[in-house]
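Per the UniProt record's numbering, residue 1 is the first one in the sequence shown, and the count goes up by one each step. Below you'll find the structure, written out as structure tokens, and then a few comments.
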Amino acid sequence: MKLEPIDMAALLDIHDILMTWNTDESSVLQKLCDKLLASLHAPLIWGGLINQDHKLTVFGAAGNEADRIKGLVLDCSDTLANHPAIKDCIDTLTPASLPGGLIELNSRLFENLSPDVRTLQTDLYPLTLENRCMGVLAVATGNRQNSKHHSLLQLAAQHAGFALGMLRNFVAKEHAQSSLKLAAAVFDHSLEGIFITDTTGSILAANDAASRITGYKPEELIGQNPRIFKSGRHGQDFYQALWHSVHRHKQWEGEIWNKRKNGEIFPEWLSISAILDEHTQLQNYICIFIDISKQKEAEARLNYLAYHDKLTGLPNRDLFHDRLNASILRAKRNQTDIAVLFIDIDHFKYINDTFGHAKGDLLLQKVANKLKSCLRENDTLARMGGDEFTVILEDFAFQTDVEITAGRILKAFSQPVYLDNSELYVSVSIGISFFPEDANNPSMLMKHADTAMYSAKNNGRKCLHFFHSTMENYSIQRIEMERQLRHALDNHEFRLFYQPQFNLETGAIDGAEALIRWQHPQKGLIAPDEFIPMAEDTGMIVPIGEWVLKQAWAECQNWHRAGHALRVGVNLSAHQFNHAQLTDLASMVLSDTIIDASFLELELTESLVMRQAEDTLTALNALKKSGIRLAIDDFGTGYSSLSYLKQFPIDRLKIDRSFVGDLANNPNDAAIVVAIIAMAHCMGLEVIAEGVETEEQLKFLRMHDCNQVQGYLTGKPLPANEFLALLSAKPEPAIGEVHRS
Ligand SMILES: Nc1nc2c(ncn2[C@@H]2O[C@H](COP(=O)(O)O[C@H]3[C@@H](O)[C@H](n4cnc5c(=O)[nH]c(N)nc54)O[C@@H]3COP(=O)(O)O)[C@@H](O)[C@H]2O)c(=O)[nH]1
Numbered sequence: 001m002k003l004e005p006i007d008m009a010a011l012l013d014i015h016d017i018l019m020t021w022n023t024d025e026s027s028v029l030q031k032l033c034d035k036l037l038a039s040l041h042a043p044l045i046w047g048g049l050i051n052q053d054h055k056l057t058v059f060g061a062a063g064n065e066a067d068r069i070k071g072l073v074l075d076c077s078d079t080l081a082n083h084p085a086i087k088d089c090i091d092t093l094t095p096a097s098l099p100g101g102l103i104e105l106n107s108r109l110f111e112n113l114s115p116d117v118r119t120l121q122t123d124l125y126p127l128t129l130e131n132r133c134m135g136v137l138a139v140a141t142g143n144r145q146n147s148k149h150h151s152l153l154q155l156a157a158q159h160a161g162f163a164l165g166m167l168r169n170f171v172a173k174e175h176a177q178s179s180l181k182l183a184a185a186v187f188d189h190s191l192e193g194i195f196i197t198d199t200t201g202s203i204l205a206a207n208d209a210a211s212r213i214t215g216y217k218p219e220e221l222i223g224q225n226p227r228i229f230k231s232g233r234h235g236q237d238f239y240q241a242l243w244h245s246v247h248r249h250k251q252w253e254g255e256i257w258n259k260r261k262n263g264e265i266f267p268e269w270l271s272i273s274a275i276l277d278e279h280t281q282l283q284n285y286i287c288i289f290i291d292i293s294k295q296k297e298a299e300a301r302l303n304y305l306a307y308h309d310k311l312t313g314l315p316n317r318d319l320f321h322d323r324l325n326a327s328i329l330r331a332k333r334n335q336t337d338i339a340v341l342f343i344d345i346d347h348f349k350y351i352n353d354t355f356g357h358a359k360g361d362l363l364l365q366k367v368a369n370k371l372k373s374c375l376r377e378n379d380t381l382a383r384m385g386g387d388e389f390t391v392i393l394e395d396f397a398f399q400t401d402v403e404i405t406a407g408r409i410l411k412a413f414s415q416p417v418y419l420d421n422s423e424l425y426v427s428v429s430i431g432i433s434f435f436p437e438d439a440n441n442p443s444m445l446m447k448h449a450d451t452a453m454y455s456a457k458n459n460g461r462k463c464l465h466f467f468h469s470t471m472e473n474y475s476i477q478r479i480e481m482e483r484q485l486r487h488a489l490d491n492h493e494f495r496l497f498y499q500p501q502f503n504l505e506t507g508a509i510d511g512a513e514a515l516i517r518w519q520h521p522q523k524g525l526i527a528p529d530e531f532i533p534m535a536e537d538t539g540m541i542v543p544i545g546e547w548v549l550k551q552a553w554a555e556c557q558n559w560h561r562a563g564h565a566l567r568v569g570v571n572l573s574a575h576q577f578n579h580a581q582l583t584d585l586a587s588m589v590l591s592d593t594i595i596d597a598s599f600l601e602l603e604l605t606e607s608l609v610m611r612q613a614e615d616t617l618t619a620l621n622a623l624k625k626s627g628i629r630l631a632i633d634d635f636g637t638g639y640s641s642l643s644y645l646k647q648f649p650i651d652r653l654k655i656d657r658s659f660v661g662d663l664a665n666n667p668n669d670a671a672i673v674v675a676i677i678a679m680a681h682c683m684g685l686e687v688i689a690e691g692v693e694t695e696e697q698l699k700f701l702r703m704h705d706c707n708q709v710q711g712y713l714t715g716k717p718l719p720a721n722e723f724l725a726l727l728s729a730k731p732e733p734a735i736g737e738v739h740r741s
């Protein structure tokens with residue numbers, strides 16, 4: 001190829017331009033176009049590159065309307081390839097000519113160019129790289145012959161192809177190098193442990209995280225086989241399955257227990273990948289892993305919380321059911337028996353109400369510990385919720401063994417429970433059912449044990465009952481009664497009866513005790529003993545007690561309106577004795593009243609007053625301050641600390657009828673009654689004796705200066721209207737006068 005000197009000079013310039021540093025392909029093409037335009041004085045020169053999608057983009061242009069053609073994109077597989085000249089140029093890497101100009105390409109792309117420019121004859125030179133056409137250099141020559149510069153243009157296009165190739169190589173290398181750098185940075189700084197091994201498993205490289213997780217220094221790891229991490233927790237099968245997956249699928253991922261250098265076994269999430277070379281031959285293994293001990297701990301914690309009672313740490317209802325299911329399956333397989341114990345704390349609600357929830361919680365924890373101490377390691381003890389605990393007993397030879405265990409529990413509760421500084425005696429009631437004798441599924445076994453527990457409660461509590469089929473009826477009745485009791489208040493089925501209290505000095509009725517009855521629509525009048533314990537157990541005693549208080553006080557005001565200045569006595573259940581509520585209730589009852597608060601007397605049991613001395617004292621003082629009188633009911637049946645009693649603002653003691661009933665025959669009872677009266681008077685308290693049924697008893701009480709009497713002798717409890725009628729009737733000779741004479 002021979003060049004004119006002038007073309008040779010131009011080519012040398014082009015060489016210099018192309019070989020000096022170029023940052024991108026478009027600047028190579030632009031410089032080429034600019035230089036050629038300057039040398040050839042052609043109207044328009046442009047250069048474009050073909051990408052992988054066979055699109056030719058014009059990156060450089062110089063001359064007329066260069067700005068309009070720059071950036072145009074031509075589809076080679078369509079427009080260009082259909083033109084034989086162009087196709088030739090691209091396929092055979094030889095120059096081609098469009099004598100009619102760009103318009104020959106029939107492309108609407110060139111519509112923007114002026115017709116003059118569009119129709120200029122254009123010669124195309126392939127930009128080649130490694131025998132491939134990577135683009136074209138287009139020179140619009142118009143009617144001027146281009147042939148004399150043909151060689152220059154060919155060589156310039158070749159140079160440009162070469163320069164573009166160099167640039168691409170350089171960029172690719174740069175890219176590869178930065179990728180490598182990036183990979184190295186990822187390897188070094190990854191939080192995941194990474195090993196790269198050869199095909200035999202020998203570690204070639206390990207990153208810092210691998211060393212941190214395993215406890216081995218990087219240099220200690222190189223050359224080792226990862227089997228040094230084997231924890232011994234997985235059998236041969238596990239590793240076989242793992243490697244089978246790596247060989248077959250080139251990958252395995254999962255949880256594995258491994259061992260650190262210090263011997264600690266820990267869980268990790270491991271992914272092993274087989275790396276193949278271009279001939280699909282195994283080249284390396286890459287193991288990536290993270291320590292998942294923390295996640296496992298969190299998982300275990302969540303699992304624990306889901307299946308354990310927060311307060312006592314015992315299994316909860318769900319876990320108990322799971323265990324019971326498992327026990328039943330085991331027992332079926334081994335043909336053995338299981339016992340389910342349902343344990344309920346007696347009067348827990350009362351304790352909770354009286355002592356407050358914090359102490360109630362503490363008590364539940366103490367009870368849980370006590371129960372645990374009575375059981376073997378492998379017995380399941382669970383808390384069902386509230387004050388209900390359940391136990392599964394297995395591996396016993398005879399049912400009497402179960403009885404012995406349950407007996408041990410009852411005995412453990414004969415010792416007091418210590419709540420902070422106070423000593424508390426609590427008892428439990430236990431119901432027991434057996435698999436397979438009583439039921440063969442968990443829910444029925446539980447239900448029967450529960451029924452047996454209720455039976456124990458109804459038998460005085462503090463005892464154990466085995467389930468018996470006759471109990472089922474009873475439990476259904478109880479549930480029904482509970483349901484009816486819940487509606488009794490709304491249905492106005494409660495009545496108050498009033499039992500007169502006689503003043504032995506004046507011989508007149510000076511008060512009455514309000515006693516509740518349930519007027520059941522089918523069963524008739526039900527005595528309080530039959531429903532008050534249930535009302536206490538279910539908490540219904542609170543609204544019922546509120547009703548009694550309001551009703552009795554309203555009735556007392558009726559008496560006053562009718563000219564009978566009597567006092568009314570109202571029984572307070574221990575469950576109602578929540579300081580805040582009770583004092584609020586009392587002030588509400590006493591507001592808007594026509595009579596003095598001293599006509600209301602609240603009867604509290606001795607044990608209630610004594611149980612939690614300090615809180616009780618505050619509550620009693622508040623009641624007393626409002627003018628209400630306070631009496632201790634059933635006095636003598638509980639344990640009374642006289643020094644405590646002195647501190648309480650009590651007005652009256654009510655001697656329990658158990659002492660009165662046997663006064664005549666039992667000298668001990670007589671002595672107690674005398675002592676109570678004397679002591680009460682010493683403390684400035686009044687004394688009333690209840691359950692007075694005989695003249696003899698009355699005489700004895702009068703002789704020892706008892707202030708009042710209440711009993712069938714002087715009057716049975718009467719409905720409100722009958723009691724008012726009794727008061728309004730022409731007075732009988734007063735009892736005091738009759739017997740004094
Ligand atoms: N929390 C509440 N408790 C209440 C309420 N109303 C009653 N009660 C308590 O129920 C228990 C049984 O009461 P009841 O069946 O009404 O018996 C009372 C009297 O009928 C009975 N009594 C009276 N005199 C005699 C007698 O001479 N002989 C004899 N065998 N029984 C007699 O004693 C009961 C009154 O006892 P007390 O309250 O201890 O003074 C009972 O414990 C009631 O307290 C209520 O509204 N709320």
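Every residue gets a Cβ at the ideal spot worked out from N, C-alpha and C, and that includes glycine. Bear in mind the structure is a predicted one, so any value in this text is a computation, not a measurement.
By the Cβ test, the segment 471-491 is in contact with the segment 449-463, since at least three Cβ pairs between them sit closer than 8 Å. Counting of Cβ neighbours within 10 angstroms places Gly313 among the exposed residues, the total staying below 16.
The criterion of a C-beta distance shorter than 7 Å is satisfied by Leu602 and Val570. The bridge partners DSSP lists for Cys374 come to none. Under DSSP, Phe342 forms a beta bridge with Thr390 and Gly431. Remark: the C-beta of Val660 is outside contact range of ligand 1, defined as less than 6 Å to any heavy atom. Residues of the same chain with a CB within less than 7 Å of the CB of Lys716, apart from the 5 flanking positions on each side, are Gln499 in chain order. Bounds of any alpha helix (DSSP H) do not take in Val426, whose DSSP letter is neither H nor E. Put simply, of Leu40, Ile103, Phe723 and Val117 the residue whose alpha carbon is nearest the alpha carbon of Arg495 is Phe723. Cβ-Cβ distances below 8 Å link Thr94 to Asp88 and Pro126 in the same chain, with the five nearest sequence neighbours on each side left out; the list follows chain order.
For Gly193, no alpha helix (DSSP H) segment is defined; the enclosing uninterrupted segment is the beta strand (DSSP E) at Gly193 to Thr197. Per DSSP, Tyr216 has no beta-bridge partner at all.
Between Val139 and Ala42, the CB-CB gap stays under 7 Å. Between the C-alpha atoms of Gly161 and Val58 there is a straight-line separation of about 15 Å. Judged by DSSP secondary structure, Cys133 falls within the beta strand (DSSP E) whose first and last residues are Arg132 to Ala140. Our two residues, Leu525 and Trp518, have alpha carbons roughly 6 Å apart in a direct line.
The C-alpha of Leu489 lies about 26 Å from the C-alpha of Ala597. Distance from the CA atom of Leu485 to the CA atom of Ala586, rounded to whole angstroms, is 24 Å. Relative to ligand 1, Tyr712 has its C-beta within less than 6 Å of a heavy atom. Secondary structure at Pro43: coil, using DSSP grouped into helix, strand and coil.
Beta-carbon to beta-carbon, Val568 and Leu600 are separated by about 6 Å, close enough to satisfy the 8 Å threshold. Straight across, the Cα-Cα distance linking Leu182 with Ile275 is about 19 Å. In this structure, the alpha-carbon of Asp633 lies about 24 Å from that of Leu727.
With a cutoff of 7 Å on beta-carbon distance, Val28 and Lys55 are scored as not near each other. DSSP, reduced to helix, strand and coil, places Val692 outside both helices and strands of the structure shown, so it counts as coil.
Arg495 carries a strand assignment under DSSP once its states are collapsed to helix, strand and coil. The criterion of a C-beta distance shorter than 7 Å is satisfied by Ile203 and Gln224. Contact between Val340 and Ile392 holds, with the beta-carbon distance rounding to 6 Å and staying under 8 Å. Taking a C-beta distance under 7 Å as the contact criterion, Ile286 and Ile196 qualify as a contact pair. A Cβ-Cβ distance of about 5 Å is found for the pair Ile288 and Glu192, placing them in contact under the 8 Å criterion. Between Ile650 and Ile676, the C-beta spacing is not below 7 Å. Within the same chain, Leu191, Glu192, Gly193, Ile213, Glu268 and Trp269 come within 8 Å of Ile290 by CB-CB distance, once the 5 residues on both sides are set aside. The three-state reading of DSSP puts Gln283 in strand, counting E and B together. Between the C-alpha atoms of Phe648 and Ile409 there is a straight-line separation of about 36 Å.
Annotation: Ala508 to Asn721 spans about 19 Å, alpha carbon to alpha carbon. Contact between the segment 434-447 and the segment 308-325 is present, with at least three C-beta pairs closer than 8 Å.
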